[in-house]
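Take a look at the structure set out below.
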Amino acid sequence: MKTAGLGPVGVALNVSADNAHLAEAAELEALGYSAVWLPGGDIDSLGRVGDLLAATTSVRVGTAVIPPDVYDADAVVTAYARFERDHPGRFLAGFGSPQRARQLALLGGYLDRLDAAEEPVPRRRRLLAALGPRKLALARDRGAGAVPLLVTPGYTAWARRILGEEATLVVYQLAVGDTDAARARRTARKPTLRGLTGVGGYPENMRRMGFTAEQIATLDDALVDALIGWGDDAAIAARVGEHLEAGADHVVLGVLHDGDQPGPAELARGLAASGVLGEQSPSGRQ
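Residue numbers (my numbering): -17 to 268.
Right, here's the structure in full:
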């Protein structure tokens, strides 16, 4: 079940107190990006999605991801109906529970409630955060597809085989716009990688991708380089291209930055100038 209109690359925007992210969203739309995203940690209100929709005219707005233990199904159904009325066809709901097998039944029940609502959130407009094979299968069978985080292009190819050709595969790629290796890796490691390697399924999936327990514990350079895209615009565009080549339909850039490293909008400007928006996979995915 392909999700139309995503294009090859989207950018995750960080909510700012002065609402600068709304102007950034409008700028990215003007640059040619066809999707912007809200990271899960920035969704302190579902109204944030509505703000982004109102600040733009045609760009798709996705969530990566809405946590079901924070927003119950009724709240999401109500918000979806409002967004669909005011901005039809533009909201893509990404959902994610902790990356643990025992959460599958709870997530399935949540999806049941979305389906049973008087105005349901349709399957074609929802993605699931997924890493392991069982959750990928759930994303394939109960949603439009999956949105995995902290994965390699090799994983992308593996996930595509599980999802099949009809599902949407959105890869959330963390990136640092810095050519200084030590500085880029330092930005990636703390707090982001250090925090995520302590969360349920992430270290398990790293082992699935071939990393050793020592690499995961120490966050060695090889692991950081495999999971985080860093460098100049060309290097980050190349990482995007690797995921598209491996089977991704869309790559979301989650930009990590510290000091004078570029934030999401600045990095997105450089990538647009580099031609990354024209990238697509040989199979024609966009």
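Ideal Cβ positions, reconstructed from N, Cα and C, are used throughout, including at glycine.
Q | Local conformation of F73 per DSSP, three classes | A | To locate residue 73, count along the sequence shown from 1; it is residue 91. Reduced to three states, the DSSP call for F73 is strand.
**Q.** Span separating the alpha-carbon of R190 from that of F77
**A.** Here residue 190 corresponds to residue number 208 of the sequence shown, with the count starting at 1. Here residue 77 corresponds to residue number 95 of the sequence shown, with the count starting at 1. Those two C-alpha atoms are separated by around 23 Å.
Q. How would you label N1, buried or exposed, when you count the other beta carbons within 10 angstroms and need 16 or more for buried?
A. As a first step, residue 1 must be located in the sequence shown, where it is residue number 19. Here N1 is exposed. Its C-beta has fewer than 16 other C-beta atoms within 10 Å.
Q: On a CA-only basis, which of G(-8), G136, R124 and E9 is nearest R105? Give me that one, please.
A: The count along the sequence shown starts at 1 and reaches residue 105 at position 123. Closest by alpha carbon: R124.
(Q) DSSP has Y154 in a bridge; who is on the other side? (A) The residue given as residue 154 occupies position 172 in the sequence shown. According to DSSP, which records beta bridges pairwise, Y154 is partnered with L131 and V234.
(Q) Quick check on DSSP: helix, strand or coil for I210? (A) Taking the sequence shown and counting its residues from 1, one reaches residue 210 at position 228. Coil, per DSSP.
Q) Apart from the five residues just before and just after R267, which ones in its own chain have a Cβ nearer than 6 Å to its Cβ? A) Position 285 of the sequence shown, counted from the start, is the residue given in the question as residue 267. Unreliable placement is indicated for R267, whose pLDDT of 44 sits below 50; the coordinate value is still reported in the next sentence. Closer than 6 Å at Cβ, skipping near neighbours: D231.
Q: Could you say which of V(-3), R251, V152 and A17 lies nearest to G71 if we only look at CA atoms?
A: The count along the sequence shown starts at 1 and reaches residue 71 at position 89. For the options V(-3), R251, V152 and A17, the alpha carbon positioned closest to that of G71 is the one of A17.
Q) Helix, strand or coil: which one does DSSP assign to S265? A) Taking the first residue of the sequence shown as position 1, residue 265 is located at position 283. Residue placement at S265 is poorly supported in this model, since its pLDDT is 37, which falls under 50; the coordinates still yield a value, given next. Of the three classes helix, strand and coil, the one that applies to S265 here is coil, per DSSP.
Q.
Quick check: Q85 and G159, are their CB atoms within less than 8 Å of each other?
A. Locating residue 85 in the sequence shown gives position 103, where the first residue counts as 1. Locating residue 159 in the sequence shown gives position 177, where the first residue counts as 1. Not closer than 8 Å, so no.
Q: Within its chain, find whatever has a CB closer than 8 Å to the CB of V41; leave out the 5 residues flanking it on each side and keep chain order.
A: On the sequence shown, position 59 is the one that residue 41 refers to. Within the same chain, Cβ atoms closer than 8 Å to the Cβ of V41 are found at A7, L10, E11, Y15, S16, A17, V18 and R72, the five residues on either side in sequence being excluded.
Q) Can you list, in chain order, the residues of its chain whose CB lies under 7 Å from that of S265, leaving out five sequence neighbours each side? A) Position 283 of the sequence shown, counting from 1, holds the residue named residue 265. Any reading at S265 must be qualified, since the residue scores a pLDDT of 37, below 50, and its modelled position is unreliable; no value is offered.
Q) Which residue from K117, V58, A119 and T(-15) puts its Cα closest to that of A99? A) As a first step, residue 99 is located in the sequence shown; it is residue number 117 there, counting from the start. For A99, the nearest C-alpha among the options comes from V58.
**Q.** G27 burial status per 10 Å Cβ neighbour count (16 or more: buried)
**A.** Position 45 of the sequence shown holds residue 27. Per the sequence shown, the amino acid found at residue 27 is Ser instead of Gly. If you draw a 10 Å sphere on the C-beta of S27, you find fewer than 16 other C-beta atoms in it, and that means exposed.
Q. Just the Cα atoms here: how many angstroms apart are P115 and R142?
A. Position 133 of the sequence shown holds residue 115. Position 160 of the sequence shown holds residue 142. Near 11 Å, if we compare the C-alpha coordinates of R142 and P115.
Q.
Can you tell me whether G119 is helix, strand or coil according to DSSP?
A. One-based indexing of the sequence shown puts residue 119 at position 137. Note on residue identity: the sequence assigns Ala, not Gly, to residue 119. Under the three-state reduction of DSSP output, A119 falls in the helix class.
Q | Presumed contact (8 Å Cβ cut-off) between V153 and V47, rounded CB distance | A | Along the sequence shown, one-based indexing puts residue 153 at 171. Along the sequence shown, one-based indexing puts residue 47 at 65. Contact between V153 and V47 does not hold, since their C-beta atoms are separated by about 13 Å, which reaches or exceeds 8 Å.
Q: Can you tell me which of L259, F193 and L120 puts its alpha carbon nearest to the alpha carbon of D215?
A: On the sequence shown, position 233 is the one that residue 215 refers to. Of the candidates L259, F193 and L120, the residue whose Cα lies closest to the Cα of D215 is L259.
Q | 7 Å Cβ shell around R171 - same chain, five flanking residues per side excluded | A | The residue labelled residue 171 in the question sits at position 189 within the sequence shown. Within the same chain, Cβ atoms closer than 7 Å to the Cβ of R171 are found at L201 and V206, the five residues on either side in sequence being excluded.
Q.
Buried or exposed, going by whether 16 or more other CB atoms sit within 10 Å of the CB of S79?
A. Taking the first residue of the sequence shown as 1, we reach residue 79 at position 97. By the Cβ neighbour-count rule, S79 is buried, with 16 or more other Cβ atoms within 10 Å of its own.
Q | Cutoff 6 Å; reference G211; Cβ partners in own chain excluding five residues on either side | A | The count along the sequence shown starts at 1 and reaches residue 211 at position 229. Within the same chain, Q155, A157, I218 and R221 come within 6 Å of G211 by CB-CB distance, once the 5 residues on both sides are set aside.
Q. So Y184 packs on L132, CB below 8 Å; how close in whole Å?
A. Translated into the one-based positions of the sequence shown, residue 184 becomes position 202. Translated into the one-based positions of the sequence shown, residue 132 becomes position 150. Between Y184 and L132, the beta carbon gap of about 6 Å places them in contact (Cβ cut-off 8 Å).
**Q.** Residues bridged to T45 (per DSSP)
**A.** Residue numbering aside, residue 45 sits at position 63 when the sequence shown is read from its first letter. DSSP lists L20 as partners of T45.
Q. Nearest-angstrom Cα distance between G192 and T138?
A. Along the sequence shown, read from residue 1 onward, the residue named residue 192 stands at position 210. Along the sequence shown, read from residue 1 onward, the residue named residue 138 stands at position 156. Cα to Cα, the separation comes out at about 14 Å.
Q: Locate the beta strand (DSSP E) running through V181, then write down its first and last residues.
A: Locating residue 181 in the sequence shown gives position 199, where the first residue counts as 1. Boundaries for V181: no beta strand (DSSP E) harbours it, and the DSSP string shows neither H nor E there.
Q: Could you say which of M188, I25 and L178 lies nearest to L(-5) if we only look at CA atoms?
A: In the sequence shown, residue -5 corresponds to position 13, counting from 1. Considering only alpha carbons, the answer is I25.
Q.
Counting C-beta neighbours from all protein chains within 10 Å, is the total for T60 16 or more, i.e. buried, or is it exposed?
A. Working through the sequence shown from its first residue, we reach residue 60 at position 78. T60 counts as exposed, since fewer than 16 other beta carbons sit within 10 angstroms of its beta carbon.
Q | Nearest residue (CA-CA) to A126, options I144, P135, T134 and L151 | A | Residue numbering aside, residue 126 sits at position 144 when the sequence shown is read from its first letter. When each option's Cα is compared against that of A126, the closest is L151.
Q.
Check for me: the alpha helix (DSSP H) holding V31 runs from which residue to which?
A. The residue you call residue 31 lines up with position 49 of the sequence shown. That run of the alpha helix (DSSP H) goes G29 to A37.
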